[in-house]
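In terms of the UniProt record's numbering, the sequence shown opens at residue 1 and continues consecutively.
All residues carry an ideal CB built from backbone N, CA and C; glycine is no exception.
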Amino acid sequence: MSHSHFDLDAATLRCMQEHGFHPEFSNDVQKQLSDISANHKNHDGLKDLRVLLWSSIDNDDSKDLDQIEWAESLPGGQIRVLIGVADVDGTVHRSTPIDQHAASETTSVYTGVRTFPMLPTELSENLTSLNEHQDRAAVVTEFCVDSKGAVSDGKIYRAMVQNKAQLAYNAVGAWLEGKGAPPEKIAKSKELEHQLRLQDEAAQRMVGARFQHGALDLETIETRPLMQHEEAVDLVRQAKNRATSLIEEFMVAANGVMARFLDAVKVPSIRRIVRVPKRWERIVDVAKGLGTSLPAEPDSKALNDFLLGQRAKDPAHFPDLSLAVIKLLGPGEYVMVRPGEESPGHFGLAVQDYTHSTAPNRRFPDVVTQRLLKAVKAGANSPYSADDLQAIATRCTQMEDAARHVEREMQKRIAAVVLHSRIGQSFAGIVTGVNQHGTFVRALEPHVEGMVVHGGKGLDVGDRVTVKLVGTNPERGFIDFAI
Numbered sequence: 001m002s003h004s005h006f007d008l009d010a011a012t013l014r015c016m017q018e019h020g021f022h023p024e025f026s027n028d029v030q031k032q033l034s035d036i037s038a039n040h041k042n043h044d045g046l047k048d049l050r051v052l053l054w055s056s057i058d059n060d061d062s063k064d065l066d067q068i069e070w071a072e073s074l075p076g077g078q079i080r081v082l083i084g085v086a087d088v089d090g091t092v093h094r095s096t097p098i099d100q101h102a103a104s105e106t107t108s109v110y111t112g113v114r115t116f117p118m119l120p121t122e123l124s125e126n127l128t129s130l131n132e133h134q135d136r137a138a139v140v141t142e143f144c145v146d147s148k149g150a151v152s153d154g155k156i157y158r159a160m161v162q163n164k165a166q167l168a169y170n171a172v173g174a175w176l177e178g179k180g181a182p183p184e185k186i187a188k189s190k191e192l193e194h195q196l197r198l199q200d201e202a203a204q205r206m207v208g209a210r211f212q213h214g215a216l217d218l219e220t221i222e223t224r225p226l227m228q229h230e231e232a233v234d235l236v237r238q239a240k241n242r243a244t245s246l247i248e249e250f251m252v253a254a255n256g257v258m259a260r261f262l263d264a265v266k267v268p269s270i271r272r273i274v275r276v277p278k279r280w281e282r283i284v285d286v287a288k289g290l291g292t293s294l295p296a297e298p299d300s301k302a303l304n305d306f307l308l309g310q311r312a313k314d315p316a317h318f319p320d321l322s323l324a325v326i327k328l329l330g331p332g333e334y335v336m337v338r339p340g341e342e343s344p345g346h347f348g349l350a351v352q353d354y355t356h357s358t359a360p361n362r363r364f365p366d367v368v369t370q371r372l373l374k375a376v377k378a379g380a381n382s383p384y385s386a387d388d389l390q391a392i393a394t395r396c397t398q399m400e401d402a403a404r405h406v407e408r409e410m411q412k413r414i415a416a417v418v419l420h421s422r423i424g425q426s427f428a429g430i431v432t433g434v435n436q437h438g439t440f441v442r443a444l445e446p447h448v449e450g451m452v453v454h455g456g457k458g459l460d461v462g463d464r465v466t467v468k469l470v471g472t473n474p475e476r477g478f479i480d481f482a483i
């Protein structure tokens, strides 16, 4: 089989299985799914917020809609924000076959070729998805944002909601930035236009406040394959914009409200953390090479000041610097935190209180958090012990790492297919990793990563190099460069 006709779909399934996933749903899951479909009904007695002009913003091709947003201006310049999150626990009960499958997989995996959902698509893309014009039960997180971006007055409750407008990042982002016309739904509704601009204002206030506290303004460029007739023919850039920033700010705030609520009611919970970076010395070296002195001890505010300066000075290479810093910061992890215990926090987001609660169709910790919340609201004992939560946190970290490996390996296989015809060409690049296996470089255009098989001695993360593409092997996911 030639590289250009490599079966990416079959390779994706094999890769999932090799990394410990069981993507096929069992007969017991199918039976439960049939029972849910036959008996599904909306919850009675919930607060009815369906009249609000809720909207969602997600990827252009997203079908598993986890959250919707709404905002209003308050006297004194505050903006009240409501985030409605799909009530997955209302349909997927604990210890049922679907729940057991989700607890094992812990995350949906997005490979670029095919999505492997944590929950059956009959749920995640339908009955538990906040689809446009459908009545749905939701967990609503409410908070206020003042003129300086401070978040206060957090509340959480259950409600009935209806998504009035499903929107997409690229179109909304271009419009908010003044680079594109308003999407059709916004162009047809002055009220929706006002709503989105108000949400954007709240988000811009919040991002400014987080940067003041040392949140890292990182900008990476992701790629996704352009598929034609089930074959990858090119790589398309996916960049951040004002719409992705809007949703990110809202989710950080909502997850903070949830973490502080569970701590206040003295319930152990699962937190998402990024520890203080172990390779801070190398980050200092990278900054020094670019003419900036960072403190000897990790300091997110100083690091972000450096990043902002570099973005202004050299915007073309800023995504590559961001990527090097992300690699040196290290991956996030899940931990169990007892009430009153200080969380290690999230170094990159500059927040101390951070759980995962806003994507229950895609992540298992978010479903667990919904169950913890509901038990508190019902005056019942926590459905999970501290030991249960620690075991879940460990499993979620393990499987998220595995998902990252799957996605990375498939990105390399896809890139190997796309780049096969470009062997012999040279590319500017940046060193993204150095370990016992070798030295890894990401080309700048297209953004693909490969291993240096000739001439990589003495290089370290963040170094800029020129490499020649000397070979590709889609089966093994190899892209080989020479300095």
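task: With DSSP collapsed to three states, give me the class of Gly429.
output: Translated into positions along the sequence shown, residue 429 becomes position 429. Three-state result, Gly429: strand.
- request: Enumerate in chain order the residues of its own chain whose CB-to-CB distance from Thr107 is below 8 Å, with the five nearest sequence positions on each side excluded.
  value: Taking the first residue of the sequence shown as position 1, residue 107 is located at position 107. So the qualifying residues of the chain are Met118, Arg362, Arg363, Phe364, Cys396, Met399, Glu400 and Ala403.
task: Kindly indicate which three-state DSSP category Asp89 falls into: helix, strand or coil?
output: As a first step, residue 89 must be located in the sequence shown, where it is residue number 89. If DSSP states are grouped into helix, strand and coil, Asp89 belongs with coil.
- prompt: Do the segment 304–311 and the segment 229–241 meet, that is, are 3 or more Cβ pairs less than 8 Å apart?
  reply: no
field: Residue range of the unbroken beta strand (DSSP E) whose run includes Ala296
entry: The count along the sequence shown starts at 1 and reaches residue 296 at position 296. Here Ala296 belongs to no beta strand (DSSP E), and DSSP marks it neither H nor E.
- prompt: Taking the Cβ atom as the reference point for each residue, do residue 494 and Met160 lie within a distance shorter than 8 Å?
  reply: The requested residue 494 does not occur in the structure, where the chain is confined to residues 1 to 483.
When Met451, Asp387, Val470 and Glu409 are compared against Arg422, the one with the closest alpha-carbon: Working through the sequence shown from its first residue, we reach residue 422 at position 422. Ranking the options by Cα distance to Arg422, first place goes to Val470.
query: Exposed or buried, what is Gly315 when buried is set at 16 or more other beta-carbons lying within 10 Å of its beta-carbon?
result: For the purposes of this step, residue 315 is taken as the residue at position 315 of the sequence shown. Note that residue 315 is Pro in the sequence shown, not Gly. When all chains shown are included, Pro315 counts as exposed.
field: Gln162 classed as buried or exposed, judged by whether at least 16 other C-beta atoms fall within 10 angstroms
entry: The residue given as residue 162 occupies position 162 in the sequence shown. By the neighbour-count rule (16 or more Cβ atoms within 10 Å), Gln162 is buried.
Candidates Val88, Thr355, Ile83 and Arg371: closest to Leu53 by CA position: Position 53 of the sequence shown, counting from 1, holds the residue named residue 53. Of Val88, Thr355, Ile83 and Arg371, the residue nearest in Cα terms is Ile83.
field: Strand pairing of Glu142, partner residues [DSSP]
entry: Start at 1 with the first residue of the sequence shown, and residue 142 comes out as number 142. Beta-bridge pairing links Glu142 to Leu82 and Lys155.
message: On the criterion of 16 or more Cβ atoms from any shown chain inside 10 Å, does Asp87 qualify as buried, or is it exposed?
response: Looking up residue 87 in the sequence shown gives position 87. Flag for Asp87 reads buried.
task: Measure the C-alpha to C-alpha separation of Ala100 and Thr244 and round it to an integer number of angstroms.
output: Taking the sequence shown and counting its residues from 1, one reaches residue 100 at position 100. Taking the sequence shown and counting its residues from 1, one reaches residue 244 at position 244. The sequence as given places Gln at residue 100; Ala does not occur at that position. Cα-Cα distance, rounded: 32 Å.
Rounded straight-line distance, which links the Cα of Arg224 to that of Val267: Locating residue 267 in the sequence shown gives position 267, counting from the first residue. Locating residue 224 in the sequence shown gives position 224, counting from the first residue. Cα to Cα, the separation comes out at about 40 Å.
query: Nearest-angstrom Cα distance between Glu177 and Asn241?
result: For the purposes of this step, residue 177 is identified with residue 177 of the sequence shown, where counting begins at 1. For the purposes of this step, residue 241 is identified with residue 241 of the sequence shown, where counting begins at 1. The straight-line gap from Cα to Cα measures roughly 8 Å.
message: DSSP three-state label for Gln32, please.
response: Against the sequence shown, residue 32 aligns to sequence position 32. Of the three classes helix, strand and coil, the one that applies to Gln32 here is helix, per DSSP.
query: Per DSSP, what kind of secondary structure is Arg442 in: helix, strand or coil?
result: Residue numbering aside, residue 442 sits at position 442 when the sequence shown is read from its first letter. Of the three classes helix, strand and coil, the one that applies to Arg442 here is strand, per DSSP.
task: Assign Arg404 to one of three DSSP states: helix, strand, or coil.
output: The residue you call residue 404 lines up with position 404 of the sequence shown. Here Arg404 sits in helix by DSSP.
- prompt: For Gly477, is the classification buried or exposed, using 16 other Cβ atoms within 10 angstroms of its Cβ as the cut-off for buried?
  reply: Along the sequence shown, read from residue 1 onward, the residue named residue 477 stands at position 477. That one is buried.
task: Could you tell me the boundaries of the alpha helix (DSSP H) in which Met258 lies?
output: Against the sequence shown, residue 258 aligns to sequence position 258. That run of the alpha helix (DSSP H) goes Arg242 to Ala264.
- prompt: Comparing alpha-carbon positions, which option in Ala102, Ser95, Leu192 and Thr439 lies nearest Glu24?
  reply: Working through the sequence shown from its first residue, we reach residue 24 at position 24. Out of Ala102, Ser95, Leu192 and Thr439, Ala102 has the C-alpha closest to the C-alpha of Glu24.
query: Would you call the segment 450–466 and the segment 419–437 touching, i.e. three or more CB-CB distances under 8 Å?
result: yes
- prompt: With which residues is Phe481 paired in a DSSP beta bridge?
  reply: Position 481 of the sequence shown, counted from the first residue, corresponds to residue 481. Answer is Val452 and Leu469, bridged to Phe481.
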